[in-house]
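Note that my numbering has the sequence shown beginning at 926, numbered continuously upward. Notes for the one structure printed next.
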Amino acid sequence: KIDYRSYEPLKEAIEKKLMTSVRDLSRIITKARTRDEEQSDKYNAMVKNLLENGYCPSCVDVVLKYAANNLWKD
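Here it is, written out as structure tokens:
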């Protein structure tokens, strides 16, 4: 069985990509003041999707706060 951690350059590349992805997602989910237009569009699309799937506006806020608080845990 091959493990990504057995090859250091691959391990570093994967971890760097994952951390960048988490950082980007964190900026989208949280009510950041520094959101750019693309991040705002993604946030609005996420909210719209949750509303279309039956979440109330208050519930959407709770879900996104929960996601933001738990994004960095692990």
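Here a beta-carbon is modelled for each residue, glycine too, at the ideal position from N, C-alpha and C. Since we're looking at a predicted model, the values are computed, not measured.
Residue environment, residue i, which counts as buried when at least 16 other CB atoms sit within 10 Å
i, result
"Leu-989", "buried"
Nearest neighbour of residue i, chosen from the options [CA to CA]
i, options, result
"Val-972", "Val-947, Ser-946 and Cys-984", "Cys-984"
"Gln-964", "Ile-939, Glu-977, Asp-949 and Asn-978", "Asp-949"
Three CB pairs or more closer than 8 Å across the segment 950-969 and the segment 983-993: yes
Could you pull out every unbroken beta strand (DSSP E) segment of at least 3 residues lying fully inside the segment 926-997, listed in chain order? none
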